[in-house]
Structure formats: structure tokens, C-alpha cells
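Scroll down for the structure; my scribbles are underneath it.
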Amino acid sequence: MYAFDIAAGSKPELYRDLLAACDAITANEPDAIANMANVAALLWEYLPDLNWAGFYRNVTDELVLGPFQGKAACIRIPFGKGVCGAAAATRETQLVADVYAFPGHITCDAASRSELVVPIVAGDRVVAVIDLDSPSPARFDEQDAAGIAAIARLLTDRVNG
Ligand code: SME
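Going by the numbering used here, the first residue of the sequence shown is number 8, and it counts up by one from there.
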């Protein structure tokens, strides 16, 4: 088991330390699934007010469930469907304050009220998406989006395979 010193004083501090922890735990490991599993565990442990945290992988242009923490979830999501599919199709972060106002949102856990999905992009290919769900409306803001985007950039070559 690993222990990390994660400051919870402010979001920038939290994400700085979380990025460092994600870096440390994935730096010397070439296995993509192992790296996604450990990062999902870190996100789940250190980000407050989540009911789901994990990855969907791009498998032949369809999103397939990857390592995660939370309730068992939808396994396959076509590009363009739901929040995750929108992030994969557009290669842009989806910051959704109210999932019920998002056309086509896929309800995996009825407790989810807001969602942040950040694509991991290598060149022009989406490798995977990071999906965070919260039971609180408007749980995520631009600081969360920026913090998760930094983790997504770090992971590009470490979850690709
Ligand atoms: N709500 C997501 C589906 C994935 S789950 O939340 C884990 C979506 O609309 O893409």
C-alpha cells in the first residue's frame, strides 16, 4: 500500500499533490490497466463528494469500461452518447452541473447529479476518458476541470496500451 501526503487546503494545492501522487505511482509502470486502477483509487480517496471515479477506454472507437471506484457501471458507451461519449467525440472536457439537463446523459448510478469528463488525447486519438460523478449538483468547477486535465496529460503515454 502507498501513502501520499495530499494537502486539502485549497483546490490548487489538492490537485498539485494529486498530480504528484499520480505521477509517482505510474512513472515506472508500463501496464495501462494497472496505472488506471491506481489513479482511479487516488481520485476516489482524495477528491471529496464523489459517487464514481474512473476510466472508459477507447476500444475500436467505442468507450469500454475501465478501472473505476463506485457502483458497477455501464460497460459500453458509443462515441457521441452521454457525457462520456460527448467528451470522446469532441475531445473536449465536459463539465456538467446538472446531469438531468444534459441531453442523452446515461444514468449508471441514479445518485449522480453532476459530472466531469476529461478526455485523454494522444495526437488526434482519444485514448480514454476520466469520468467523475458526484451526488451534489454543480460539484465540479473550472479548477476541477484544470486539475483533472493536468492528470489526463500526465497519463497520455501511461494508459495507452
Ligand atoms: N453518466 C455517464 C455514464 C458513465 S457513468 O456515470 C459511470 C455518461 O452520461 O456518459
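Even glycine gets a Cβ: it sits at the ideal position worked out from N, Cα and C.
For a quick check, are the C-beta atoms of residue i and residue j less than 7 Å apart?
i	j	result
R83	V133	no
G154	Y22	yes
Y53	L26	no
L162	I127	yes
N35	R165	no
Residue i to residue j, Cα distance in whole Å?
i	j	result
A60	G16	21 Å
S143	D105	9 Å
V71	I158	20 Å
N167	T100	19 Å
D151	V90	16 Å
V136	F62	6 Å
Y107	A80	18 Å
V125	L139	9 Å
A117	D68	27 Å
V46	I13	14 Å
R120	S141	6 Å
P85	G92	6 Å
A39	C29	13 Å
P19	P55	14 Å
R146	W51	14 Å
A156	L102	12 Å
E122	R64	17 Å
Q76	F109	23 Å
A10	P37	21 Å
D148	G111	21 Å
Round the Cβ separation of residue i and residue j to the nearest angstrom and send it over; I've been treating them as touching at under 8 Å.
i	j	result
I113	K88	7 Å
A49	I32	One point to set straight first is that residue 49 is Leu, not Ala, in the sequence displayed. Correct: roughly 7 Å between the Cβ atoms.
A44	P74	4 Å
### beta strand (DSSP E) runs wholly inside the segment 57 to 139, at least 3 long, in chain order
Runs of the beta strand (DSSP E) inside the segment 57 to 139: 59 to 66, 69 to 77, 83 to 85, 101 to 103, 121 to 129.
### Query
Can you list the alpha helix (DSSP H) stretches of 4 or more residues lying completely in the segment 9 to 55, in chain order?
You should have 18 to 33, 39 to 53.
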